Each structure stands twice: as structure tokens, then as C-alpha cells.
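*Asks:* My structure is below; once you've seen it, I'll send some questions.
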């Protein structure tokens, strides 16, 4: 099996648009602008005989490789391409100092789950992607104390990441991609960063990560994001990571579950044969 990989280039959007639906998430194909800003710089295409048969979108964070998309074209599955693609990326991650890698997978995707378990990954938690309208957020109950929002300063990024156990560099990557980074502020304790934050893509539209210390804090955080929303997109989405209470809180106002998935993580293996 001859499988060559290369960094995505400016002419690869049509191939990406062809392969992206294989994720089977129900999400629309990202726009060319979203592709160019956030996905292409961190994507490897895998070619056989000059044809793209898959791609892998991943981020190198502080000691962690975050695998975002693993796509093998439908007509090429069952041939070991997924393992070969991950083997190539594992070597890259080890070379750049990443000892751990992680990804999200639908629990019903048993071939993928089996592959990731074979590679030493184990389920760490489950998450729920939720969708709702901005109008629905007006029904969210106010928290027990007044909270405001403001933009996250670059120097605050590592402190927030530590407070929410995120890999270092995740917020900086969002900033570079043009995301709106907002955090909750308690006027009585303005330096506290543990209340909640969001990385918002108005064009998707959605926020990931979206973290709050209490479900009720979703109301002021979403209120802070709303002025940055595109007026032509009345819908919105967030991902509740390992937070069933936040999921229930949003479902109570009419949000719908778009997708449920497992977060897998483990050490980057030295031998992937």
C-alpha cells in the first residue's frame, strides 16, 4: 500500500468538501474561509495514485495532539488506511513533543472505537452537542449572582486553560483562527477566571469549548456572545463536555441534541504496528 501524505494546500478545498460529509455529523461543509483559516493549516491529505483518499485534521498543543477529523473515503475503507494515517501523525506528534493524543468519536462508530482502543486510547468522558436559537436563550434563568462578560486577554489564556483542565495552546489556536474568545467576570472578583468562557465561531455558528462552572452561568455567557452573532444565522450550538447538568439545563429551554460523542485519550504509542 503506497500512501503519501502532504500538508493541505490552497487547491484542496474541493477534496475537503468531498470528504467532509464522511464524518457523518450532520454539520454543513465549512466555508472556504473557515477551511483556509482554521482547518487547512493543520490538515494532512493522504493520496494514493495521485487521488486524495483521506485527510487528517489535527492540532499540536502543549504536549497533546488533538485529532479533530479522521476521514477515509468510503470506497477505501477496510484496507488499513486509518491505521496508516494515524501512524504517520503519531510520528509527527512524538517528534514535536506530544506524549498524549485525544479525539472525539461517536460511540456507535464501532470500527473507529475499536481502532482507537487498539492504539491504547480509552474513553475519558462523554459530551453532547446542543443546538438552539438565540431567542430560546432568553428563557434561561439568571444565575444567583450578577456576572458580566469581556474578551479574554492573551495573558489570561494559560490561566483559563489550567482552570478548566484544557491542553495548553487551545485558546491561542482559536484566537489565530479568528474565534471570539469571551469569559465571565464577577464584578466583585474580576480576576477570577474559573466561572466560564467560550471560544465562539460566528460563521459556524457555535462555541467549542464552552465551559461554565454552573449551568446557570450559561445565560450571561451566551448573552455576552450574542452581539457577536451573525444576524442572518438565528441558530447557535454549544458542546457540553462531561457536563450532563448543562445539557439538562439547555434542554429545558427547548435546545435539541445534535450529536453525542465520546472523548478518547491516551499516550501516543511508539510502535503502531
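In the UniProt record's numbering, the protein residues as written are 1 to 273.
Backbone N, C-alpha and C fix where the C-beta goes; we use that ideal spot for every residue, glycine too.
Fair warning: this is a prediction, and the values are worked out from it, not measured in the lab.
In the DSSP assignment, what residue or residues form a beta bridge with residue 60?
*Replies:* Answer by DSSP bridge pairing, in chain order: 65.
*Asks:* For residue 128 and residue 259, I'd like the C-alpha separation in whole angstroms.
*Replies:* Rounded to the nearest angstrom, the two C-alpha atoms are 6 Å apart.
*Asks:* What is the rounded straight-line gap between the Cα of residue 130 and the Cα of residue 212?
*Replies:* Distance between the alpha carbons of residue 130 and residue 212: 15 Å.
*Asks:* Which runs of the beta strand (DSSP E) at least 3 residues long sit entirely within the UniProt domain "N-acetyltransferase" (3-143)? Give them in chain order.
*Replies:* List check, beta strand (DSSP E) in window: 4-7, 43-48, 51-60, 64-72, 100-105, 122-133.
*Asks:* So, do the segment 232-241 and the segment 197-213 have three or more beta carbon pairs nearer to each other than 8 Å?
*Replies:* Yes, since at least three Cβ pairs between the segment 232-241 and the segment 197-213 fall closer than 8 Å, the two stretches touch.
*Asks:* Decide if the segment 80-95 is in contact with the segment 193-205; the criterion is three or more beta carbon pairs, one per stretch, under 8 Å apart.
*Replies:* No, because fewer than three Cβ pairs between the segment 80-95 and the segment 193-205 fall closer than 8 Å, the two stretches do not touch.
*Asks:* Have a look at 23, 42, 75 and flag the residue whose alpha-carbon is nearest the alpha-carbon of residue 89.
*Replies:* Ranking the options by Cα distance to residue 89, first place goes to 42.
*Asks:* Is the segment 177-187 touching the segment 79-89, taking contact as three or more C-beta pairs under 8 Å?
*Replies:* They do not touch, by the three-pair rule.
*Asks:* If you drop the 5 nearest sequence neighbours on each side, which residues of the same chain put their C-beta closer than 7 Å to that of residue 25?
*Replies:* Counting only Cβ-Cβ distances below 7 Å, and skipping sequence neighbours, we find 259.
*Asks:* Taking all protein chains shown into account, decide if residue 170 is buried (16 or more other Cβ within 10 angstroms of its Cβ) or exposed.
*Replies:* Buried is the call here.
*Asks:* Would you say the segment 59-78 touches the segment 216-232, given that touching needs at least three Cβ pairs under 8 Å?
*Replies:* These segments do not touch.
*Asks:* Expressed to the nearest angstrom, what Euclidean distance is found between the alpha-carbon atoms of residue 55 and residue 224?
*Replies:* Taking the straight line joining both Cα atoms gives about 35 Å.
*Asks:* Which ranges would you report for the alpha helix (DSSP H) in the segment 141-220 if only whole runs of at least 4 residues count?
*Replies:* Listed in chain order, the complete alpha helix (DSSP H) runs (minimum 4 residues) inside the segment 141-220 are 157-163, 170-176.
*Asks:* Among the candidates 48, 57, 51, whose CA atom is the shortest distance from the CA of residue 40?
*Replies:* Here the closest residue by C-alpha is 57.
*Asks:* Whole-angstrom Cβ separation of residue 148 and residue 220, contact assumed at under 8 Å?
*Replies:* That belief holds up - the Cβ atoms of residue 148 and residue 220 are roughly 7 Å apart, short of 8 Å.
*Asks:* If you count every other CB in all the chains shown that lies within 10 Å of the CB of residue 153, and 16 or more means buried, which is it?
*Replies:* Exposed, since its Cβ has fewer than 16 Cβ neighbours within 10 Å.
*Asks:* Distance check for residue 17 and residue 204, CA to CA, integer angstroms please.
*Replies:* Rounded to the nearest angstrom, the two C-alpha atoms are 15 Å apart.
*Asks:* Using the rule of at least 16 other Cβ atoms within 10 Å of the residue's Cβ for burial, across every protein chain shown, is residue 245 buried or exposed?
*Replies:* Counting Cβ neighbours within 10 Å, residue 245 comes out exposed, since fewer than 16 surround it.
*Asks:* Should residue 253 and residue 117 be called a contact, given that it needs their Cβ atoms to be closer than 8 Å?
*Replies:* Their beta carbons are not under 8 Å apart, which means residue 253 does not touch residue 117 by this criterion.
*Asks:* Nearest by alpha-carbon distance to residue 78: which of 105, 65, 249, 110 is it?
*Replies:* Of 105, 65, 249, 110, the residue nearest in Cα terms is 110.
*Asks:* So residue 263 is in the alpha helix (DSSP H); what residue range does that whole segment cover?
*Replies:* Counting along the chain, residue 263 falls outside any alpha helix (DSSP H), though it belongs to the beta strand (DSSP E) covering 256-267.
*Asks:* Measuring straight from C-alpha to C-alpha, what distance separates residue 155 and residue 51?
*Replies:* Their backbone Cα atoms lie some 43 Å apart in a straight line.
*Asks:* For residue 9, count neighbouring C-beta atoms within 10 Å of its own C-beta (all shown protein chains included) and say buried if the count is 16 or more, exposed if not.
*Replies:* Classification for residue 9: exposed.
*Asks:* Taking C-alpha atoms, which residue in 140, 21, 181, 74 lies nearest to residue 201?
*Replies:* Of the candidates 140, 21, 181, 74, the one whose C-alpha sits nearest the C-alpha of residue 201 is 181.
*Asks:* Could you tell me the alpha carbon to alpha carbon distance between residue 27 and residue 257, rounded to whole angstroms?
*Replies:* C-alpha separation (whole angstroms): 13 Å.
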